[in-house]
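Notes to accompany the following structure.
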Amino acid sequence: MATREVVRAGRFTNIYDPSAGEARPWYINDHTIVRDRDGGWHLFGITHPEPADPFHEIEFAHATAPDLLGPWTKQETALTVDPGYHGETHLWAPYVIRSGATYFMFYAAGGQDRTRAAINLATSTDLVRWERAPGGPLFRDGYDARDPMVLRIGEKWAMYYCATSAPEGGHHVVAYRLSTDLWRWGERHIAYADPTIGTEAGNTESPFVVRHDDRWYLFIGPRPGYVGTDIFRSDNPFRFRIGDKIGHVAAHAAEVVRHADRWWVTSAGWGQGGVHLAPLTFPPPPAGIAVPR
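Okay, here's the thing in structure tokens:
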């Protein structure tokens, strides 16, 4: 493909290090960035002292900033694991959106049966005090279903998350479910199936879908190494294929953010020294295609 037809990232800059003020290094892994009603920025993410210890990641970091580029300030822990809440065993990969006056935090909470891992929900009106949904997990899926990401598509909400083709294992996939109210979610469908097969962590983690110039882009990784994310393009937000690859960025747990009329992509993870940010460039639309404004 021509160079200009590739999604690519610029230089990454460290914007937040959770080790500040701590006696030992800490990491941020899968994370989310959201803007509040007053224009301030909030970051939530997996956090734990180094080195990597995924099954003891039991709290979500919270940091705030007046601008996406910072300066970012550490806040009190946003949420701590609650084994009494339907068997939570860890807190992974929060994703926060606002609908009306309510902020919705979707996250992976595990459980003793990794073929029926819980996707949970907590809500807030101020991004500080969070309450878990009274009904328990939104749904369960495997293997180690995790990394939820939610966006509005037409008249419904779509939640993307990584799993395997069967709960006991199989092809690594990006699954999705639809909802009209963010509380009740439909049956599982597959947006992307990778040729690789396994259980546990795979190469469809951290799915992130964005629309740009009337086309849809799916970000997933780690591919091929820990700090690597592949990008796929499609005309259909619910159907991506291995041949749709349109770019690669050197990022782990990548999140895509729109700010100041520009696109940005983040990177974080074990041993990465916090959260990093880089400008993101999409290829131009094909000649003769009108771009919606």
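Numbering (the UniProt record's numbering), first residue to last: 1 to 293. C-beta: ideal position from N, C-alpha, C; glycine also.
Cβ-based burial, residue i [other Cβ within 10 Å; buried from 16]
i, result
"Pro284", "exposed"
"Gln272", "buried"
"Gly111", "buried"
"Thr13", "exposed"
"Pro237", "buried"
"Glu131", "exposed"
"residue 299", "One cannot answer for residue 299 here, as it falls past the ends of the chain, which runs 1 to 293."
"Arg152", "exposed"
"Thr80", "exposed"
"Glu5", "exposed"
"Gly247", "buried"
"Ala63", "buried"
"Pro134", "exposed"
"Arg177", "buried"
"Ala101", "exposed"
"Ala61", "buried"
"Glu255", "buried"
"Asp17", "buried"
"Thr180", "exposed"
"Arg11", "exposed"
"Pro83", "exposed"
"Thr3", "Annotation note: pLDDT 43 at Thr3 (below 50); position unreliable, coordinate value reported separately. Counting Cβ neighbours within 10 Å, Thr3 comes out exposed, since fewer than 16 surround it."
"residue 297", "One cannot answer for residue 297 here, as it falls past the ends of the chain, which runs 1 to 293."
"Gly45", "buried"
"His189", "exposed"
"Gly202", "buried"
"Ala290", "Summary for Ala290: the model assigns pLDDT 49, below 50, so the residue's position carries little reliability; its value from the coordinates is reported in the next sentence. Exposed: under 16 other Cβ atoms inside 10 Å."
"Glu205", "buried"
"Asp141", "buried"
"Glu187", "exposed"
Beta-carbon gap between residue i and residue j smaller than 8 Å
i, j, result
"Val210", "Ala191", "no"
"Asp235", "Ile220", "no"
"Ser99", "Leu182", "yes"
"Pro279", "Arg258", "no"
"Ala65", "Trp41", "yes"
"Tyr226", "Gly170", "no"
"Glu50", "His90", "no"
"Ala145", "Ala193", "no"
"Asp147", "Asp244", "no"
"Pro71", "Thr115", "no"
"Val150", "Tyr95", "yes"
"Phe282", "Asp213", "yes"
"Ile15", "Leu69", "yes"
"Arg241", "Tyr217", "no"
First and last residue of the uninterrupted beta strand (DSSP E) at residue i
i, result
"Ala122", "117–124"
"Asn236", "From DSSP, Asn236 is part of no beta strand (DSSP E); its letter is neither H nor E."
"Trp41", "41–49"
"Ser267", "262–267"
"Asn14", "13–16"
"Asn29", "26–35"
"Glu200", "Element bounds for Glu200: n/a, residue is neither H nor E."
"Gly169", "169–179"
"Ser206", "205–212"
"Asp147", "146–153"
"Arg98", "92–99"
"Leu69", "No beta strand (DSSP E) holds Leu69; DSSP gives it neither H nor E."
"residue 297", "Given a span of 1 to 293 for the chain in the structure shown, any question on residue 297 remains unanswerable."
"Arg158", "In the sequence as displayed, the identity of residue 158 is Ala instead of Arg. Note, Ala158: beta strand (DSSP E), 156–166."
"Ala278", "275–281"
"Ala257", "Before going further, note that residue 257 is Val rather than Ala in the sequence given. Segment 256–259, the beta strand (DSSP E) holding Val257."
"Ala109", "102–110"
Assumed close pair residue i, residue j - CB separation to whole angstroms, cut-off 8 Å
i, j, result
"Lys74", "Ala23", "Between Ala23 and Lys74 the Cβ distance is about 14 Å, and since that is not below 8 Å, they are no contact."
"Thr123", "Tyr103", "7 Å"
"Val275", "Val265", "Actually they do not touch by this definition, with Cβ atoms about 11 Å apart."
"Pro199", "Tyr143", "First, the amino acid is wrong: residue 199 is Thr here, not Pro. Confirmed, Cβ separation roughly 4 Å."
"Ala118", "His86", "7 Å"
"Ile207", "Cys162", "Checking the sequence, you will find Pro at residue 207 rather than Ile. Pro207 to Cys162, Cβ: 6 Å. Contact."
| request: Tell me, please, whether the stretch 122–132 touches the stretch 148–156 by the rule of three or more beta-carbon pairs shorter than 8 Å. | output: no
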